[in-house]
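Take 2 as the starting number for the sequence shown in this note's numbering and just add one per residue. Heads up, the beta-carbon is just placed ideally off N, CA and C, and yes, glycines get one too.
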Amino acid sequence: MKPSFAPSSIPRYILAAVVVGVMLLASGCDKYTSSGQTVGEKLDKAIDKTNASIVKAGDKVGQKVDQAGAVVAGVGESVAIRTGTALNDTGNAVSTKVDQVGTIVTDSSITASIKADLIKDPGLSAIAIEVNTVKGEVTLKGEVASEQRKQRAEAITRTIVGVTRVTNLLTVKAS
């Protein structure tokens, strides 16, 4: 039984959400819409909705990965009984790959959450800060205007669920 989850669909979804957020941000956060909200307020709501969608998608992915893991474990046990250690090793390799898919999706969710929170901070540029996540370890690269903003970007990153370590390689622009 193959899981119906397609891991490549999540990163495109997240990228699309980030692009929409950046486009809204670029249109002017202090301008008012016809409903009386500022674009910034509207952007905050859109980001909150996107974050909720990301969490929901992550939950669904987690369930699918758990289901796939259970199927793989069951198949692995059956194969090991019938054919011995060689096929059991194959089942373990498949299980490891399922875990790796879950890690990739989790890392993408972490990166998207960090980017979304950077967009919300008026002193930071989500475009100027590169965020790279591998197995929960996040590396920040790029330039910021001050040491305080460098520390703020790191503090934002540390608040995201799933972040296990932050390497802050941000540099402060010379004035």
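Apart from sequence neighbours up to five positions away, the residues of its chain that approach LYS174 with a beta-carbon distance below 8 Å are GLU144, VAL145 and ALA146, ordered along the chain.
A check of alpha carbon separations from THR51 across VAL132, ASN133 and ASP118 identifies ASP118 as the nearest.
Of the candidates PRO123, ALA58, GLY41 and LEU125, ALA58 places its Cα closest to the Cα of SER110. The C-beta separation of LYS121 from GLU131 comes to about 18 Å, leaving the pair out of contact by the 8 Å criterion.
By DSSP's assignment, GLY143 forms a beta bridge with ILE130 and LEU171.
A distance of 8 Å or more separates the beta carbons of THR165 and THR140.
Using a Cβ distance threshold of 8 Å, ILE115 and ILE55 do not count as a contacting pair.
Nearest to GLU148 by alpha-carbon distance, out of GLY137, GLY163, SER126 and THR172, is THR172. Counting along the chain, no alpha helix (DSSP H) covers LYS136, and no H or E run does either. In this chain, THR165 is not harboured by any alpha helix (DSSP H), its DSSP state being neither H nor E.
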